[in-house]
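Asks: Pasting a structure below so you can have a look.
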Amino acid sequence: MTGVSLTGTRAFVTGANTGIGQAIAVDLARHGAHVIAVGRSSMDDTLAQIVAAGGKGDALRTDLATVPAAQAAFAQAEDKFGPIDSLVNNAGIIRRDDSLMFSEADWDAVMDINLKVVFFLSQAFAKSRVAAGKGGSIINIASLLSFQGGIRVPSYTASKSGVAGLAKTLSNEWSAQGITVNAVAPGYVISNNTADLRNDPARNKAILDRIPLGRWAEPQDIAGAVTFLASPAARYVTGITLPVDGGWLGR
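Each residue of the sequence shown is one higher than the last, beginning at 916 in the numbering used here.
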């Protein structure tokens, strides 16, 4: 991204082992950030891509399903690598079932990772930055279902609607301390999670027919928006949920 530099900064990226999170980690590193890639799976491939891009990265293996584990990982990252300048809450899960049959366990699992941990990691980051008298940036990964209802994904829709709401309320509270808070809402992205849709000719055509750009997003398309929001170029952008959807919502 021309004119965007994150040199000298550190970024904490959750769910960075594959897909959108991996692309975000690599792009932030390519633009100069020291990336701490966080998740429960191996980050070896992500770190290899960061090195190949000429960047710097380290990995922390942890299960982000609980608030104490997530907070401990953030504290460990700051103790080991230094103050974090940008937080990217990308880790998330989805559970599918008819709303009439949806279980409390599936509801709680999704809400805990997608919304509860997002809030408390954001809180840990903001406490650190305010105590240091420094600003920073928080970018949370939302969804098209932050704007739409979806089908058979009640907890996912509720959690991602909450992520969009957090961008507003946390921005209202923390922007005066120099901390911008935004969300990015990806459209239909090429990933393992969407393989079945892309391999179904009828579903694939229906999706593409609604996207004005006429193609599925690459993970790198989402990463570019996150890098922008983490950079000084976005210093006056806060409290928004930015759709990166090829024009889907405008159709």
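No residue lacks a Cβ here, since even glycine has one placed at the ideal position from N, Cα and C.
Quick one: what's Gly1051 bridged to in DSSP?
Replies: According to DSSP, which records beta bridges pairwise, Gly1051 is partnered with Ile1094.
Asks: Could you name each continuous alpha helix (DSSP H) segment of 4 residues or more that falls completely within the region 935-1023, going from the start of the chain to the end?
Replies: For the region 935-1023, whole alpha helix (DSSP H) runs of length 4 or above, ordered along the chain, are 959-967, 982-996.
Asks: Following the continuous beta strand (DSSP E) through Ala926, name the residue where it begins and the one where it ends.
Replies: Where Ala926 is concerned, the enclosing beta strand (DSSP E) stretches over 925-929.
Asks: What does the Cβ neighbour count give for Val966, buried or exposed, with the cut at 16 atoms within 10 Å?
Replies: Looking at its Cβ environment, which holds fewer than 16 other Cβ atoms inside 10 Å, Val966 is exposed.
Asks: In three-state DSSP terms, what is Leu1123?
Replies: The answer is helix: DSSP assigns Leu1123 an H, G or I state.
Asks: Can you tell me the Cα-Cα spacing of Met916 and Leu1015, whole angstroms?
Replies: Summary for Met916: the model assigns pLDDT 48, below 50, so the residue's position carries little reliability; its value from the coordinates is reported in the next sentence. Whole-angstrom Cα-Cα distance: 46 Å.
Asks: Which residue marks the beginning of the beta strand (DSSP E) containing Pro1147, and which one marks its end?
Replies: From DSSP, Pro1147 is part of no beta strand (DSSP E); its letter is neither H nor E.
Asks: Tell me where the alpha helix (DSSP H) around Leu1085 begins and ends.
Replies: Leu1085 -> alpha helix (DSSP H) spans 1069-1089.
Asks: Determine the extent of the alpha helix (DSSP H) in which Leu921 is found, giving its start and end residues.
Replies: Run containing Leu921: none; DSSP gives neither H nor E here.
Asks: What number of angstroms, rounded off, separates the C-alpha of Val982 from the C-alpha of Phe1034?
Replies: So the two alpha carbons sit approximately 9 Å from each other.
Asks: If contacts are defined as beta-carbon pairs under 8 Å, then Ile939 and Val1141 qualify, I think. What distance do you get, rounded to the angstrom?
Replies: With a Cβ gap of about 5 Å, Ile939 and Val1141 count as contacting.
Asks: Using beta-carbon positions only, say whether Val1078 and Ser1086 come within less than 9 Å of one another.
Replies: Cβ atoms of Val1078 and Ser1086: not closer than 9 Å.
Asks: In this structure, how does DSSP classify Ala1132 when only helix, strand and coil are distinguished?
Replies: Residue state, collapsed to three classes: strand.
Asks: Consult DSSP for Ala1100 and reduce its assignment to one of helix, strand or coil.
Replies: In this structure, Ala1100 counts as strand in the three-state DSSP scheme.
Asks: Using beta carbons (cut-off 9 Å, strictly below), is Pro1069 in contact with chain C?
Replies: No chain C appears in this structure, which consists of one protein chain only.
Asks: When we look at the beta-carbon of Lys1075 and count the other beta-carbons within 10 Å, is it buried (16 or more) or exposed?
Replies: Burial call: buried.
Asks: At which residues does the alpha helix (DSSP H) containing Leu1164 begin and terminate?
Replies: Segment: none, Leu1164 is in no alpha helix (DSSP H) and carries neither H nor E.
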